[in-house]
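A.B. asks: Residue numbers (the numbering used here): 1330 to 1753.
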Amino acid sequence: MTVRVRFAPSPTGYLHVGSARTALFNWLYARATGGTMLLRIEDTDASRNQPDLVTNILDALTWLGITWDEGPQFQSAHADRHRGVVEGLLASGHAYHDDGAVRLRVPEDGVTGWDDVVRGRIEFENAHVEDFVIRRSDGSPTFLLANAVDDVDAGITHVIRGEDMINNMPKQLLLLEALGARGDVVYAHLPLLVDEQRRKLSKRFGDVAVERYRERGIVAPAMANYLALLGWSPGDDVEIRPMAEIVERFRLEDVHASSAFFDVRKLTHVNATHLRALGPDAFRSAVAPFCSHPLDGLPDDYVRALQERTQTLCDVEPLVAWLFAEEPVVDPDAWARAVAGGPHAEALLAGAIAAYADAPWESAELHRRLAELGEAVGLKLGKAQAPIRVAVTGTTVGPPLFESLEVLGRERTLARLRAARARL
RNA sequence: GCCCUCAUCGUCCAGUGGCCUAGGACGCCGCCCUUUCAAGGCGGAAACACGGGUUCGAAUCCCGUUGGGGGUGCCA
1330 MTVRVRFAPS
1340 PTGYLHVGSA
1350 RTALFNWLYA
1360 RATGGTMLLR
1370 IEDTDASRNQ
1380 PDLVTNILDA
1390 LTWLGITWDE
1400 GPQFQSAHAD
1410 RHRGVVEGLL
1420 ASGHAYHDDG
1430 AVRLRVPEDG
1440 VTGWDDVVRG
1450 RIEFENAHVE
1460 DFVIRRSDGS
1470 PTFLLANAVD
1480 DVDAGITHVI
1490 RGEDMINNMP
1500 KQLLLLEALG
1510 ARGDVVYAHL
1520 PLLVDEQRRK
1530 LSKRFGDVAV
1540 ERYRERGIVA
1550 PAMANYLALL
1560 GWSPGDDVEI
1570 RPMAEIVERF
1580 RLEDVHASSA
1590 FFDVRKLTHV
1600 NATHLRALGP
1610 DAFRSAVAPF
1620 CSHPLDGLPD
1630 DYVRALQERT
1640 QTLCDVEPLV
1650 AWLFAEEPVV
1660 DPDAWARAVA
1670 GGPHAEALLA
1680 GAIAAYADAP
1690 WESAELHRRL
1700 AELGEAVGLK
1710 LGKAQAPIRV
1720 AVTGTTVGPP
1730 LFESLEVLGR
1740 ERTLARLRAA
1750 RARL
């Protein structure tokens, strides 16, 4: 039997990270088993039936690399089928009218249960399940009915969704039984993603939309990688790896049951690691949308130095701003500490201006000459480079100095050194 | 309230009766490396919620307690 899974978001206008995780696990399972993934938009609620609300969700899924084989289908398009099912249930006596709505008749006793892949056996006493609405008084089918019927019609074999759906299970199962379509569908309820309060992740948490992370410089493979680690583990000690390897190792049975805190710090770490693994050109193009100047003119080695200092793509701009600016923006504190109040700053600036005027313009030589200047005044290189760094880049931290000077060029370097000396 | 469910370091995971004086990762602290900052290396603090069983032996199985979460709509 071929696996058929589905991801069925409601069109809220954005992809919630919890939903993204659900989508990812469905996708992983489909890919790991050679199955098929269906995308269905659950828009039975009229207020959510707006095509533009779907676009963002589709974009976010695509960005994450979560592809679907069928769909997107729109649940609202199946309205006739849903109406027919309700009529059938009415005719067979399984459902009845109530205040204009239609409710399913639930047995007084007995239990309804299933074997959940991640949680084991779960059972509800029918006595605790009330007759529930399957068609609203305005004639529209409810989620409970539409969802169950669509899954049957689509031949879904594995329902993989959030734990918050567990309580709907007896109703869906009872409905399916009334329809004579219970079948042998496999259910897997994933643990919830929670905030620091251990509550279901909601807008109150901060950034719950996947696109927010994209905007903040998180790269798709890192986002997906991190999401895969919430509730599941590859079984070895390697957490950060390409999605293809995750697909290879993914098994639904390995998903565990307790909820997981969505930790942006660890996400950031995963992101930095993925970023560092990129080749120079891949890094350049990843950074492009986040940086006002392309990194195309910079040598590979220098790009690597930037990469090493990048946790999110947003980190790059401030790392190279001094290079592209007419003049560096000098941080007052850095100036006070390393130049105005730094040891031998004036002598070092003057010395560098002289030493660099005729130096072969490559980092090793620039390095050597400044080291000599430092020795002359009894300073180690760490101290000696400080005033030069501030004069040229405006701050005390940044990419390696001599490589930076090489990239900046002799004229601009000397101009900045002279300007700094003049300011003293 | 009722129903369902979860319970290993602060966090995410490993662990499915003996390999556990509980392992990895993030974060944190220290040291090393060093041209600042990073990256990297090394080391450290840090957990089996509690109480009963079962067993020669329990983080692992069972029961209970406590705590957390989810649900309880003519939303999805």
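Where a beta carbon is used, it is the ideal one built from N, C-alpha and C, also for glycine. Treat the numbers as computed from the prediction; the structure is a model and nothing was measured.
Tell me Lys1712's beta-bridge partners as DSSP assigns them.
C.D. replies: Position 383 of the first sequence, counting from 1, holds the residue named residue 1712. Per DSSP, none; premise fails for Lys1712.
A.B. asks: For my contact list, Thr1365 and Asp1398 are in at a C-beta cut-off of 8 angstroms; report their separation, rounded to the angstrom.
C.D. replies: Against the first sequence, residue 1365 aligns to sequence position 36. Against the first sequence, residue 1398 aligns to sequence position 69. Thr1365 to Asp1398, Cβ: 5 angstroms. Contact.
A.B. asks: Less than 8 angstroms separating the beta-carbons of Val1719 and Trp1651?
C.D. replies: Residue numbering aside, residue 1719 sits at position 390 when the first sequence is read from its first letter. Residue numbering aside, residue 1651 sits at position 322 when the first sequence is read from its first letter. Not a contact, by the Cβ cut-off of 8 angstroms.
A.B. asks: What runs of the beta strand (DSSP E), each 3 residues or longer, lie entirely inside the stretch 1421-1499?
C.D. replies: Correct list: 1424-1427, 1430-1433, 1440-1445, 1449-1454, 1462-1464 and 1487-1491.
A.B. asks: Let me know the secondary structure DSSP gives Phe1590 once reduced to three states.
C.D. replies: As a first step, residue 1590 is located in the first sequence; it is residue number 261 there, counting from the start. Three-state DSSP puts Phe1590 in a strand.
A.B. asks: Beta carbon of Asp1493, beta carbon of Lys1532: below 8 angstroms?
C.D. replies: Position 164 of the first sequence, counted from the start, is the residue given in the question as residue 1493. Position 203 of the first sequence, counted from the start, is the residue given in the question as residue 1532. Not a contact, by the Cβ cut-off of 8 angstroms.
A.B. asks: Measure the alpha-carbon distance for Gly1680 versus His1598 and round it to whole angstroms.
C.D. replies: Taking the first residue of the first sequence as position 1, residue 1680 is located at position 351. Taking the first residue of the first sequence as position 1, residue 1598 is located at position 269. Their backbone Cα atoms lie some 41 angstroms apart in a straight line.
A.B. asks: Rounded to a whole number of angstroms, what is the C-alpha to C-alpha distance between Val1539 and Pro1338?
C.D. replies: Locating residue 1539 in the first sequence gives position 210, counting from the first residue. Locating residue 1338 in the first sequence gives position 9, counting from the first residue. Using only the alpha carbons, I get a separation of about 14 angstroms.
A.B. asks: CB-CB under 6 angstroms to Ala1700, same chain, minus the five flanking residues each way: which ones, in chain order?
C.D. replies: In the first sequence, the residue the question calls residue 1700 occupies position 371. Around Ala1700: Leu1710.
A.B. asks: Would you check if the stretch 1469-1484 and the stretch 1500-1516 touch, i.e. whether three or more CB-CB distances between them fall below 8 angstroms?
C.D. replies: A contact exists between the stretch 1500-1516 and the stretch 1469-1484.
A.B. asks: Over what stretch of residues does the beta strand (DSSP E) that includes Val1658 continue unbroken?
C.D. replies: Residue numbering aside, residue 1658 sits at position 329 when the first sequence is read from its first letter. Premise fails: Val1658 is in no beta strand (DSSP E) and is neither H nor E.
A.B. asks: Which partner residues of Lys1529 appear in the DSSP bridge assignment?
C.D. replies: What you label residue 1529 is simply residue 200 of the first sequence in a count that begins at 1. Answer is Val1523.
A.B. asks: Report the rounded CA-to-CA distance for Glu1675 versus Ala1688, giving the unit in angstroms.
C.D. replies: Position 346 of the first sequence, counted from the start, is the residue given in the question as residue 1675. Position 359 of the first sequence, counted from the start, is the residue given in the question as residue 1688. Cα to Cα, the separation comes out at about 20 angstroms.
A.B. asks: What separation, rounded to the nearest whole angstrom, lies between the Cα atoms of Tyr1555 and Trp1561?
C.D. replies: What you label residue 1555 is simply residue 226 of the first sequence in a count that begins at 1. What you label residue 1561 is simply residue 232 of the first sequence in a count that begins at 1. Rounded to the nearest angstrom, the two C-alpha atoms are 10 angstroms apart.
A.B. asks: Classify Glu1704 as buried or exposed, calling it buried when 16 or more other Cβ atoms lie within 10 Å of its own Cβ.
C.D. replies: Here the question's residue 1704 lines up with position 375 in the first sequence. Exposed, since its Cβ has fewer than 16 Cβ neighbours within 10 Å.
A.B. asks: I need the boundaries of the alpha helix (DSSP H) containing Thr1742, first residue and last residue.
C.D. replies: Along the first sequence, one-based indexing puts residue 1742 at 413. It spans Arg1739 to Arg1752 - the alpha helix (DSSP H) in which Thr1742 sits, taken as one unbroken run.
A.B. asks: Should Tyr1685 be labelled buried (16 or more other beta-carbon atoms within 10 Å of its own) or exposed?
C.D. replies: Stepping through the first sequence from its first residue, residue 1685 is reached at position 356. It counts as buried.
A.B. asks: Assess, as a yes-or-no matter, whether the stretch 1578-1588 is touched by the stretch 1623-1630 under the definition of 3 or more beta carbon pairs within less than 8 angstroms.
C.D. replies: No, the stretch 1623-1630 is not in contact with the stretch 1578-1588.
A.B. asks: Could you tell me how far apart the beta carbons of His1411 and Pro1470 are, in whole angstroms, since I believe they sit closer than 8 angstroms?
C.D. replies: What you label residue 1411 is simply residue 82 of the first sequence in a count that begins at 1. What you label residue 1470 is simply residue 141 of the first sequence in a count that begins at 1. Their Cβ separation, rounded to whole angstroms, is 4 angstroms, which keeps His1411 and Pro1470 in contact under 8 angstroms.
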